[in-house]
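What follows is one structure encoded as structure tokens, with my remarks underneath.
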Amino acid sequence: MAVSSAKSSDWTFEHKGTEWVADEERRGESRALFWPWAGTSCNVILVSFGPYVMALGLDWHGAALAAVVGAILSFLLLALVSLAGQRGGAVTMVASRAAFGFHGNKIPAALSYLALVGWETFSAVLATLAARTVVHRLDPDLDTGPIMVGVLVTVILVTTVVGIYGCHVILRIQKWFTLAFAGLSIGYVVLTLPRISFATHGQLSAGAFVGGVLLVANALGLSWVNCAADYTRYLPREVGKRGVVGWITFGGAAPAIVLMGFGTLLAAGDPDVAARAAHDPVSALSAHLPTWFLVPYLILALVGFMSGSIIGLYSSGLALQTVGVRMPRHRTVVIDAILIAVVGGYVAFAAPGFFAPFQAFLTTTGVVMAAWTGIFLVDLWQRRHVGYDRGSLYSPAGGYGRVNRAGVGCLIVATIVGLGLVTSPDPHIGPLLGYLFTPAARAGGLGSSNLGVFVALVLAVVGYAVLHRVVPLIRPTSTGHAEDHSAERVGVTAS
């Protein structure tokens, strides 16, 4: 949704959940879409992704280029998915029913919910760990427990309140968060400049480069693609599609490219940062900072974590409604917040390890979301002349049916193949993945390249394009004759 900041209604409570957005409820311009997606990329942790990509064997030139390509491609996919919201007026996972059927869509909707809650939990945990790092630096003898609890509660409370208010408020808050993050980031970069280096280490190989692109794409746009249309469903139909795609891609990719590019230079100049970032990125990225900047650094980290968490919390509530939970949107947001508090609190205070399980979570959900994205985009393209039928999206008896076997089948097959072509260092989940690799490939660079994400996307696109065709809905008229009503569907475009 794009909105005008001059209108007082921008601060009103959003009562709508997964319901259809009618034309008279729409307003705004495409450039406002820059802020929500820029906010998801305004995260200090992305600096550590530069070293992650370099760890594949690339020099800083290759790693920076992989970050550019991965960021742009992933947010371009997200931007294309977002067009479904403007075209149809439905949230992402409701529009997904056209490709999977009313009940068949519950599979990707449930997985989408889990993925979004996982990202929110990740943000809350890292915010809590950031507080621990800063407090320990300021006073090693101070008990960090109460402060960590306070930060965890604050992050969850702020994101919950904003998520409850809804889409209008989220867009305005994301603008403030993005600007605040940009200002604090300048200070961080200035203080870190003496530690960067333009020295070349490693080499540019095709396999490592592709692996870097997929790693970045998996962590950026593909992590949010399942909620892309949630923020364009209030956008008027007459707003240009190119503007929508351009502003979303630019908003999401630009901050990520700057942060990850700086991270590659930091890793080239300080290899110890790269080594520590693999285990504790928050601590590694603050180790060189002077004491007086630790509190601004904590604020910088909290702003970034809350910005991404707000997007996820709002959309996870919508995904929960799409699965079939019958309650108002604001109550689903509260449920998600409670879940994040419980799981996040356990991970932050009691879990023996965090980053290996989270990396495994990213990998597995990335494969599923890549497959879903391919199917969704093919379906969206096939409906470019007929749009979405409102009644069919909200009823199992509608024209999209209970289960679209082409969509569900392609999702399952692409996911199975994709999971066989990814690996994870997690001792519990890792053995279940990579079963299509040879032992040598599994242990080498190919195993760590996230190849399965790309394969799942391609298989889903090809499979669904071959197996599915959009058939105009034929409804009987009052005279008893069949009549084609496809041109009357809500969401018809002139493209």
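Counting from 9, one number per residue, gives the positions in the sequence shown under the working numbering. Glycine is no exception: its CB is placed at the ideal position from the N, C-alpha and C atoms.
- For Y402, the three-state secondary structure derived from DSSP is coil.
- Spanning the alpha carbons of V221 and A79 requires a straight line of approximately 8 Å.
- Inclusion of T26 and V143 in the CB contact set at 8 Å is not warranted, their separation being larger than that value.
- In this structure, DSSP gives G25 a state outside helix and strand, which the three-state scheme calls coil.
- Annotation: A117 to L199 spans about 43 Å, alpha carbon to alpha carbon.
- In the three-state scheme derived from DSSP, where H, G and I count as helix and E and B as strand, E32 is classed as helix.
- For L427, the closest C-alpha among the options E33, T371 and H111 is that of T371.
- Note that the C-beta distance between T141 and S323 is not below 8 Å.
- If only uninterrupted alpha helix (DSSP H) runs of at least 4 residues are considered, those enclosed by the region 261-299 are 279-285 and 289-292.
- DSSP places E128 within a helical segment (H, G or I) once states are collapsed to three.
- Cβ neighbours of S400 within its own chain (closer than 6 Å, five residues either side excluded): G406, G407 and Y408.
- With respect to the 8 Å criterion, N458 and N234 are not classified as neighbours on the basis of their beta carbons.
- Between the alpha carbons of G47 and V311 lies a distance of about 9 Å.
- A139 sits away from F313, with the two beta carbons spaced by 8 Å or more.
- Rounded to whole angstroms, A236 and P148 show a C-alpha spacing of 43 Å.
- In this structure Q329 is buried. Its beta-carbon is surrounded by 16 or more other beta-carbon atoms within 10 angstroms.
- In the three-state scheme derived from DSSP, where H, G and I count as helix and E and B as strand, A118 is classed as helix.
- A contact between stretches requires three or more CB pairs, one per stretch, nearer than 8 Å, and the region 258-273 meets this requirement with the region 57-75.
- With a threshold of 16 other beta carbon atoms within 10 Å, V99 meets it and is buried.
- Residues F369 of the same chain have their beta carbon placed closer than 6 Å to that of G126, with the five preceding and five following residues left out of the count.
- Separation of the CB atoms of F83 and I204 is rounded to 26 Å, and the pair is thereby denied contact status at 8 Å.
- When DSSP states are grouped into helix, strand and coil, C418 belongs to the helix group.
- Pairwise C-beta distances place the region 426-441 out of contact with the region 335-351, as fewer than three of them are shorter than 8 Å.
- Taking C-beta atoms as the reference points, G109 and R391 fail to come closer than 8 Å.
- Per DSSP, reduced to three states, the secondary structure at Q390 is helical.
- Taking a cut-off of 8 Å on C-beta distances, the region 412-430 touches the region 467-476, as three or more cross pairs fall below it.
- Residue state for V375 is assigned as helix, using DSSP reduced to three classes.
- The alpha carbon of L465 has as its nearest neighbour, out of T381, T446, R398 and V478, the alpha carbon of T381.
- In the three-state scheme derived from DSSP, where H, G and I count as helix and E and B as strand, Q211 is classed as coil.
- Taking all protein chains shown into account, Y354 has fewer than 16 neighbouring C-beta atoms within 10 Å of its C-beta and is therefore exposed.
- Inter-segment contact for the region 30-40 and the region 237-246 is present: three or more beta-carbon pairs are separated by less than 8 Å.
- Straight-line measurement puts the Cα of P404 at about 25 Å from the Cα of L124.
- Collapsing the DSSP output to three states places T167 in a helix.
- Looking at the backbone, the Cα of K183 and that of L444 are separated by about 44 Å.
- The region 42-129 contains, as complete alpha helix (DSSP H) runs of 4+ residues, the segments 42-49, 54-62, 68-96, 100-103 and 105-108 (chain order).
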